[in-house]
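A.B. asks: Mapping the sequence shown onto UniProt numbering, position 394 (from 1) lands on 394, and the numbers just tick up by one. A virtual CB, placed ideally from N, CA and C, is assigned to each residue, including glycine. Since the structure is predicted, the reported quantities are computational estimates derived from the model, not experimental observations. One structure coming up, written as C-alpha cells, with questions to follow.
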Amino acid sequence: MVTLIIAEKPNVARKIAYALAEGKPVRKTIGKVGYYEFTRDGKRIIVAPAVGHLFSLAPKVKTYGYPIFDIEWVPVYVAEKGKSYAKDYIKALAAVAKQADEFVVACDYDTEGEVIGYTALKYACGVDPSRAKRMKFSALTKKDLLKAWYNLEPTINFGMADAGIARHVLDWYWGVNLSRALTSAIKRASGKWQVLSTGRVQGPTLKFLVDREKEIQNFKPTPYWVIKMLLEKNGEQYTAVYEKERILDENEAKRIVEEAKKGPAFVEKVEVKQQKRNPPVPFDLGTLQREAYSAFGYSPKKTLELAQRLYERGITSYPRTSSQKLPKNLNFRSILQNLAKLPEYKPFAHELLGKERLKPVEGKKDDPAHPAIYPTGELPKPGDLTKDEQNIYDLVVRRFLALFMEPAVREIMKVIINSNSHRFILGGARTVKEGWLKVYGRYVKFDEVILPAFKEGEPVKVIQIKREKKKTKPPARYSPAAVIKRMEDLGIGTKATRAQILETLYSRGYIEGKRKIKVTPLGMRVVEALEKNVPDIVSVELTKAFEEKMEEIMAGKADREGVIEESKNQLIKILQVFKERELDIGTMLVETTGTGATTSKTAARKAGAVKELSEEEEKAVKKAVDKGERRKEPLVVGKCPKCGGDLVVRYNRKTGKRFVGCSNWPKCNVTYPLLQRGEIIPTNKTCCGGAPVVKIREKGREYEICVDMNCRDWKR
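Below you can see the structure in the form of C-alpha cells.
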C-alpha cells in the first residue's frame, strides 16, 4: 500500500516528510523535481509537491472578440507565458501517482489550496478527487502535522473546492471579457490598439477610490477659528483650548478673545479618571497588514508574502485567516517556554509562565478554516530571517505575548479654566500601569502629556489668549492598508486576494502613490466611462452579492454550476449594453489614453490585462482589436544625424532587447544601444554628433543620458 501526499510547495513537502518519517526521509528526483519517500507505521509514503497552481483556465478554441465562455482547465504553462517550470512538476506528480494506491491532499487549507489539490489530482494524477483524503493543519510544526496525519479528513473539502473553482471561473469570465470589451472600445474610437482592463473586484475597488478622489477634488475649504490660552505654572508653559473647538464666525472669535483677556482666570474644575486599556486582539490577516503598514510601511502584499514565508518555515501559523481567536487546545505554556529562549522575549515570557492560568484576549471575528495568527513555538535559527521577516515575526510574537498580560491603565486629566465666564480645556494623559504595553508598546502610540497638580479655585497665570485661523481639510487619501480595510468592510475580494487586487491597480496605471493613493486621470476616466454607460461593472453591490454566493457554495447552501450560470447570464446582459455603447465608451477613454492629451503615456502603457488575463489571452485581445495586424506606433526619440529620418525605439526579434534605430532602415543603418531598464522619455536634446539625449525614469528617479555609448558625459 503506497500513499501519495500532495503538498502545495517544495519546502512544505520537505516539512511534511521530515515530520512524518520514522527516521530520515529519502529524497528522490524526477527530472528537476524533488520528492520524498519514507515509511510510517509500516506504510510506504511519498510526499510530492506542486508549485502553486499547476492548472489554469483558457479558451477551448482560440477566438477573438467578446463574449467568450467556452473555457477549460489546461496546464498553467499553456495558459501563461513564463510558467514552463510547472511542466516538470506535472510530470513528476503523474509519475508518482502511478505508484500510489491512496491519495492525500496537504495543500493550504483554504479555497485556493483546495483548487490546487483538486486540479492536481484530476489533471496531473488522473485520479478522481473524491478518492483523496485531507490533511488539515494551520501550522507546519511536527506536532501539528502528526496530528493532521492521524486525524485525516475522509475527503477533501468539496465546499471549498467548488467555491474556489467558481471564483476562478467568474474572475476569468469577467476579467477577460471586460478587458476585451474595453480594448475594443478604444480601438473603435481611435483606430489604435491599447489594452485596458477591469475585473469583477478590480472595478468596484477602483470605483470607491475614484469616489474619494472626486471628494478631494470637489472639496471647498471652509475657514474657521480656534482660540488658545497659553498659561504658565511652575515655570512651564501649557496650552489650553477653548471649549468650542471650531468657531465659524471671525467676529465671534474676536469677541471671545477680547472678553476672555479681561480675566480673571482660575481653575473651575479638575477631573481625573483612570481608564483600562485591554490588550489588542490576536492578528487576523487584515489587522496584521494594517499594523505592518503602520509600523514598517510595508504594503499589504509584502506583509502577506513575509507572513507566508514565516509560516512555511514553521515558526508562525497560517496567515490567510479572518479569525481573531486562538485554538482552544493550543499549548500556550509550551509556546511561551520556547519563546523564553530568545533574549528579547525572555522577561515577558517568564512573567507569563509565572501565572497560574493563561487566558488570552480574543476578538469577535472567527474563521472556520484557520485560527488567528500566532507563533508556533518553533524558533528561527540565528541569522535565518531577513530584516523584513524579523520585523513581522517580532510583531506576531509581541502581539501574542500581549494577549495574556494585564490591561494597561491610563490616567486622563481634564482641567477646566474659567476666564471671564469663558472656559478653556487643558488636557493631560499618562500611563500609570504599563501592563501589556511593556511588550507591545513599541507598536502603539499613546501620547504622554503630564500635567502638574491643579486645585479647583486656584488662579491661573495667563500669558496669552489668541485666535488662529484654519481651514477645513478634504477627506484623507486612502493608504494601502486603508484600502484593504475598506474592501473588508464592503465585503469584496477575499483575505487572500485583496492585496493582489491593489497591486493590479498600481500595475495598470490606474493609481499611484505608495503611502497616499491618488487615482490617475486614466483610472478616473475608466470609472467615469463605465459608471455612465454600464454601472454594473463597477457595482460594489453586485460584486458583494457574488462574494456571498461563494460563501454559500462553501457552506453547501448553493450549487457551483448554478452560481456560475447566474453570473454568466448577468455578464451577458452587461456586455450587450456595453456593445451598444461601445463607441461612446471608447470616445470617453480616448480622451485619456488614445492621444495622451490628458494623462501620461506611462499610465496608458501600464494598463495591461487583468490578473486573470494570461499573456496568451492578451495576445488574443491584440488580434481581436487589430484583426491580425499589430500597428503600434514606435516611440520617436529624435532625428537621425545621417539621413534626417526619425530615430525610434526598436526591439531585437531574437533577444527582445531594445535599441534606437533609424526609421529608414535598411537604407540607413544608424543604431544606438539603450539601457534595458526604465521608461524612455524623449527630451528634444542632442549630444555627440547629433545623437539624441533621452530621459530614463525608473524606481522614482530620473536622469538624462546621451545614447552614444562613447559619450564622456554618458550619465547626466
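1. Since M160 is in the alpha helix (DSSP H), which residue starts that stretch and which ends it?
2. Are Q289 and I450 touching if we call contact CB-CB under 7 Å?
3. Taking the alpha-carbon of P10 as reference, which of D108, T39, K24, F55 has the nearest alpha-carbon?
4. In the DSSP assignment, find the alpha helix (DSSP H) that holds H350 and state where it starts and stops.
5. Within the same chain, show all residues whose beta-carbon is closer than 7 Å to that of K632, passing over the 5 residues directly before and after it, in chain order.
6. Out of Y298, L426, D394, point me to the one whose CA is closest to A453's CA.
7. Is it right to say R701 is buried, meaning 16 or more other beta carbons lie within 10 angstroms of its own, or is it exposed?
8. Does DSSP put Q308 in a helix, in a strand, or in coil?
9. Please list, in chain order, all residues of the same chain as V281 whose beta carbon is under 7 Å from its beta carbon, the five residues on each side excluded.
10. Alpha carbon to alpha carbon, how far is residue 747 from V105?
11. Please state the DSSP three-state secondary structure of V33.
12. For a quick check, are the C-beta atoms of S56 and V33 less than 7 Å apart?
13. Do the CB positions of K269 and I511 come within less than 7 Å of each other?
14. Residue range of the alpha helix (DSSP H) that Q500 falls in?
15. I need the DSSP call for Q289, collapsed to helix, strand or coil.
16. What's the call for P368, buried or exposed, on a 16-neighbour Cβ count within 10 Å?
17. Starting from the N-terminal side, write out each stretch of the beta strand (DSSP E) that is 3 residues or longer and does not extend beyond the UniProt domain "Toprim" (2-142).
18. Can you tell which of G562, I16, G493 has its C-alpha closest to the C-alpha of K147?
19. State the CB to CB distance for the pair F208 and R515, rounded to an integer number of angstroms; the pair is presumed to be in contact (CB under 8 Å).
20. Would you be able to state if there are at least three C-beta pairs under 8 Å between the stretch 398-412 and the stretch 333-352?
21. Grab me the residues of N710's own chain with a C-beta within less than 8 Å of its C-beta, minus the 5 sequence neighbours each way, in chain order.
22. Beta-carbon within less than 6 Å of R246's beta-carbon, same chain only, minus the 5 sequence neighbours each way: which residues are those?
23. Express the C-alpha separation of K532 and K62 in angstroms, rounding to a whole number.
24. Using the three-state DSSP reduction, which class does I256 fall into: helix, strand or coil?
25. Since A393 is in the alpha helix (DSSP H), which residue starts that stretch and which ends it?
26. Can you tell me the Cα-Cα spacing of V115 and A132, whole angstroms?
27. Whose C-beta lies closer than 7 Å to the C-beta of E153 among residues of the same chain, with five residues either side of it excluded?
28. CA-CA distance, T39 and R27?
29. Could you compute how far the alpha carbon of E612 sits from the alpha carbon of M160?
30. Just reading off the alpha helix (DSSP H) that I247 is part of, what are its end residues?
31. Is W149 helix, strand or coil by DSSP?
32. What are the residues that DSSP puts in a beta bridge with M413?
33. As a quick exercise: from I6, I696, H168, pick the residue whose alpha carbon is nearest that of E72.
34. Apart from the five residues on each side of it in sequence, which residues of its chain come closer than 8 Å, Cβ to Cβ, to T303?
35. Would the stretch 462-473 and the stretch 273-280 be scored as touching if the rule is three or more Cβ pairs under 8 Å?
36. Determine which residues share a DSSP beta bridge with M229 and list them.
C.D. replies: Reading from the atomic positions:
1. From DSSP, the alpha helix (DSSP H) with M160 extends over 158-190.
2. No. Outside cutoff.
3. The candidate whose alpha carbon is nearest that of P10 is D108.
4. Start and end: 346-353.
5. Because K632 carries a pLDDT of 44, less than 50, the predicted location of this residue cannot be relied on, and the following value inherits that uncertainty. Closer than 7 Å at Cβ, skipping near neighbours: W193.
6. Cα-wise, what sits closest to A453 is L426.
7. So R701 ends up on the exposed side.
8. Of the three classes helix, strand and coil, the one that applies to Q308 here is helix, per DSSP.
9. Answer for V281: Q324, V361, E362, G363, listed in chain order.
10. Residue 747 is absent from the model: the chain starts at 1 and stops at 716.
11. Residue state, collapsed to three classes: strand.
12. No, the pair does not count as a contact, with Cβ atoms beyond the cut-off.
13. Here K269 is not near I511, since their CB atoms are 7 Å or more apart.
14. Segment 498-507, the alpha helix (DSSP H) holding Q500.
15. In the displayed model, Q289 falls within a helix according to three-state DSSP.
16. By the 10 Å Cβ count, P368 comes out exposed.
17. As far as the UniProt domain "Toprim" (2-142) is concerned, its whole beta strand (DSSP E) runs of at least 3 residues are 2-7, 26-30, 33-40, 43-49, 55-59, 71-75, 102-106.
18. Comparing Cα-Cα distances from K147 to each of G562, I16, G493, the minimum goes to I16.
19. So it is not a contact: roughly 18 Å between Cβ atoms.
20. Counting Cβ pairs under 8 Å, three or more are found: they touch.
21. Excluding positions up to five away in sequence, the list reads C688.
22. Excluding residues within five positions, the ones whose Cβ falls inside 6 Å are Y224.
23. Rounded to whole angstroms, K62 to K532 spans 32 Å at the Cα level.
24. DSSP places I256 in helix when its eight states are reduced to three.
25. Note on residue identity: the sequence assigns Tyr, not Ala, to residue 393. For Y393, the enclosing alpha helix (DSSP H) has its first and last residue at 387-402.
26. Taking the straight line joining both Cα atoms gives about 13 Å.
27. Once the five neighbours on either side are set aside, the close Cβ partners of E153 are K133, R134, K136.
28. Going by the C-alpha atoms only, they are around 13 Å apart.
29. Because E612 carries a pLDDT of 36, less than 50, the predicted location of this residue cannot be relied on, and no value is offered for it.
30. It is not in any alpha helix (DSSP H) - I247 carries neither H nor E in the DSSP assignment.
31. Reduced to three states, the DSSP call for W149 is helix.
32. Its beta-bridge partners are V272, G428.
33. Answer by Cα proximity: H168.
34. Around T303, the same chain offers L288, Q289, A292, Y293, I392, A499 as residues with beta carbons nearer than 8 Å, after the five sequence neighbours per side are excluded.
35. Taking 8 Å as the limit for Cβ pairs, the verdict is that the stretch 273-280 does not touch the stretch 462-473.
36. According to the DSSP secondary-structure assignment, M229 is paired through a beta bridge with A240, I465.
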